[in-house]
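Residue numbers (my numbering), protein chains in the order written: chain Y, 2 to 87; chain A, 2 to 87.
Quick reminder that beta carbons are idealized off the backbone N, C-alpha and C, glycines included.
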């Protein structure tokens, strides 16, 4: 079975995120009103094979912990769904 | 009213995405089986004020086109929802 795992990695609220600040400043300079906060994170898609959705979730959690995010500075949300083989 | 706009920016399937390739290779070297594809994109959150959700969506679309993605190489999915003021 084929699964699509999605990991959304964001900096913790207490951590300065310069790319978002740059976008926010640029929006302000371009005349946009009412922009309160911009934060940029990562959206990581992993297509993987597994026997079941539980196995796919477990693999995805392990991958995220090993490679996709740094728990000191970031938080990671994981979503897994079954997909059709291409 | 306060809204949270989320833009998910991904490279088009035809575009080589080296960060994902590096993760894929690293997973392979670490013994993970069944990883078919890894793609890294951006997850951008914009907190903004607007009179209505329609106005917030319209602002978010304009911001995305101006600053958040390059339509030649990337695709962008936008989601807007109302949030409580902090």
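| Item | Value |
| --- | --- |
| Can you list, in chain order, the residues of its chain whose CB lies under 8 Å from that of residue 51 (chain Y), leaving out five sequence neighbours each side? | 2, 4, 57 and 60 |
| For the putative contact between residue 41 (chain A) and residue 20 (chain A), defined by C-beta atoms under 8 Å, what is the C-beta separation to the nearest angstrom? | 4 Å |
| Should the segment 26–40 of chain A be called in touch with the segment 74–84 of chain A, which here means at least 3 C-beta pairs below 8 Å? | no |
| If the criterion is Cβ atoms closer than 8 Å, does the pair residue 75 (chain Y) and residue 22 (chain Y) meet it? | no |
| Going by DSSP, what residue range makes up the beta strand (DSSP E) through residue 34 (chain Y)? | Here residue 34 (chain Y) belongs to no beta strand (DSSP E), and DSSP marks it neither H nor E. |
| How should residue 29 (chain Y) be labelled, buried or exposed, when 16 other C-beta atoms within 10 angstroms of its C-beta is the threshold for buried? | exposed |
| For residue 43 (chain Y), which residues from the same chain have a beta carbon less than 7 Å from its beta carbon, with the 5 sequence-adjacent residues on both sides left out? | 10 |
| In chain Y, which residues lie less than 7 Å from residue 30 (chain A) when you measure between Cβ atoms? | The premise fails here: residue 30 (chain A) is roughly 11 Å from chain Y at the closest Cβ pair, so nothing lies under 7 Å. |
| Residue 46 (chain Y) to residue 18 (chain A), Cα distance in whole Å? | 12 Å |
| Restricting to runs no shorter than 4 residues, where is the alpha helix (DSSP H) found entirely within the segment 14–79 of chain A? | 19–30 and 54–64 |
| Which whole-angstrom value is the C-beta distance of residue 69 (chain A) and residue 8 (chain A), which I expect to be below 8 Å? | 5 Å |
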